[in-house]
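Chemist: Quick note on numbering that gives the first Met the number 0: the sequence shown kicks off at 0 and runs consecutively. Built from N, CA and C at the ideal position, the CB exists for glycine as well.
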Amino acid sequence: MQALKERVAAEGKNLGDGILKVDSLINHQVDPKLMDLCGLEFARRFALTNPTRILTAEISGIAPALMTARHLNLPVVYARKSRPVTMPDTVYLTIAPSHTKGNKVELIISPEYLKPGEKVLIIDDFLASGATILGLVRLTQAAGASIVGIGTLIEKTFEGGREALQYLKVPIEALVQITSMEDGKIIFAP
């Protein structure tokens, strides 16, 4: 998606060790017009998968997931990283490594909002190693729901996440693909 690619090229910063800082448009400050365009594009790409619910991880996946849900007229559920007192005693919980935090995080969903038989579209900010998305897959499977597609704003193709998810045999769409971040550069797929 050209608009997102241009913004990442202009504002993204390669911090080394595979870390891409896009705080000015996705991860700290959110550009709602850009996220709406991204949501519209995801809705176009995944319309034929007939999802019943969109799932993401707290916090950076919420904006693109919400805008996608707006265009598909679906609810969004996000996996929490800490358990609030309002959540029931029985939950779906998994652990996933966080690339940017350098540790493991819990991903928690209430069974109230992810039910057996749901057709889940996962939307997130990044696809790198696939660890967070695999955590969302585990939560979906624990609920007895099925994955119909995976969409990410940015994919770092050199980290192997797509390959880790291929066994699901669902469409995987990235709006922007980065093929290399060596020598402080950000190299995009054509």
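Three or more C-beta pairs under 8 angstroms: does that hold for the stretch 143-153 against the stretch 36-54?
Modeler: Verdict: yes, contact present.
Chemist: Just verifying my parser: in three-state terms, what is the DSSP assignment at Gln140?
Modeler: Looking at Gln140 - three-state DSSP - the assignment turns out to be helix.
Chemist: Helix, strand or coil for Pro31, going by three-state DSSP, please let me know.
Modeler: The answer is helix: DSSP assigns Pro31 an H, G or I state.
Chemist: How is Ser23 classed by DSSP in three states: helix, strand or coil?
Modeler: Helix at Ser23.
Chemist: Tell me the DSSP bridge mates of Ala56?
Modeler: Paired residue(s): Ala78.
Chemist: Closest by CA to Leu54, which one among Tyr166, Asp123, Ile185, Pro189?
Modeler: Closest option to Leu54, Cα to Cα, is Asp123.
Chemist: According to DSSP, Gly15 sits in a beta bridge with which residue or residues?
Modeler: Gly15 pairs with Ile18.
Chemist: Taking the C-alpha atoms as reference points, what is the distance between Gly183 and Gln176?
Modeler: So the two alpha carbons sit approximately 17 angstroms from each other.
Chemist: The alpha helix (DSSP H) that contains Thr67, what's its start and end?
Modeler: Residues 61-71.
Chemist: Excluding sequence positions up to five away, which residues of its chain have a Cβ less than 6 angstroms from the Cβ of Met34?
Modeler: Result list for Met34: Ala62, Pro63, Met66, in chain order.
Chemist: Residue range of the beta strand (DSSP E) that Lys118 falls in?
Modeler: Where Lys118 is concerned, the enclosing beta strand (DSSP E) stretches over 118-126.
Chemist: What number of angstroms, rounded off, separates the C-alpha of His27 from the C-alpha of Lys20?
Modeler: Cα to Cα, His27 sits roughly 10 angstroms from Lys20.
Chemist: Please check the pair Leu174 and Ala144, which I expect to be a contact at CB under 8 angstroms, by giving their CB distance rounded to whole angstroms.
Modeler: Incorrect: roughly 24 angstroms between the Cβ atoms, too far for contact.
Chemist: So, do the stretch 83-92 and the stretch 156-169 have three or more beta carbon pairs nearer to each other than 8 angstroms?
Modeler: Judged by Cβ distances under 8 angstroms, the stretch 83-92 makes no contact with the stretch 156-169, as fewer than three pairs qualify.
Chemist: For Leu113, name the three-state secondary structure that DSSP assigns.
Modeler: If DSSP states are grouped into helix, strand and coil, Leu113 belongs with coil.
Chemist: So what does Phe187 bridge to, in DSSP terms?
Modeler: Per DSSP, Ile177.
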